[in-house]
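Numbering (my numbering), first residue to last: 153 to 263. Here the structure is laid out as structure tokens; the discussion comes afterwards.
Written out as structure tokens, the structure is:
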């Protein structure tokens with residue numbers, strides 16, 4: 153009995169599920185948004201907080217990129233016959249980024 157169980161564990165399982173392209177793109181959008189925001193933070197730090205309008209516009213663009221990535225990941229999660237790894241990672245990362253950007257935006261308007 154132990155031998156047949158071991159044989160089943162090592163057997164190859166083929167499936168017709170695929171990684172959705174929209175989930176991969178949404179994951180890349182999360183990394184692009186976070187990377188660009190990090191670069192803007194470094195640029196603003198080097199200019200002692202006087203980065204100007206450019207940093208603000210790029211920050212808003214990062215928010216829009218993360219929001220678009222979240223929507224893309226959400227639609228990707230509802231497709232049939234997919235592997236949910238990339239859409240799940242993308243929806244978590246983009247969702248957290250949107251929340252972070254909104255908190256930062258609200259904090260900036262209050263102070």
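Think of the CB as a built atom: it goes at the ideal place given N, C-alpha and C, for glycine as much as any other residue. Values in this document were obtained by computation on a predicted structure and should not be read as measured data.
Is it the case that the segment 225 to 238 contacts the segment 172 to 189, given that we only count it when at least three CB pairs across the two stretches are under 8 Å? Touching, yes.
Measuring CB atoms only, is the segment 219 to 229 touching the segment 188 to 207, in the sense that at least three cross pairs come out at less than 8 Å? Touching, no.
Give, in chain order, every unbroken run of the alpha helix (DSSP H) that is at least 4 residues long and sits entirely within the segment 159 to 234. 173 to 198 and 205 to 229, all fully within the segment 159 to 234.
Buried versus exposed, by CB contacts within 10 Å (16 or more), residue 245: With a threshold of 16 other beta carbon atoms within 10 Å, residue 245 meets it and is buried.
For residue 249 and residue 185, believed in contact at Cβ under 8 Å, the rounded distance: Taking C-beta atoms under 8 Å as the contact rule, residue 185 and residue 249 qualify, at a distance of about 6 Å.
Which value, in whole angstroms, describes the spacing of the CA atoms of residue 176 and residue 164? Rounded to whole angstroms, residue 176 to residue 164 spans 25 Å at the Cα level.
Between residue 253 and residue 214, is the Cβ-Cβ spacing less than 8 Å? Taking 8 Å as the Cβ cut-off, residue 253 and residue 214 qualify as a contacting pair.
Does the separation of the CB atoms of residue 211 and residue 189 fall below 8 Å? Judged by their CB atoms, residue 211 and residue 189 are nearer to each other than the 8 Å cut-off.
DSSP on residue 239, reduced to helix/strand/coil? Helix, per DSSP.
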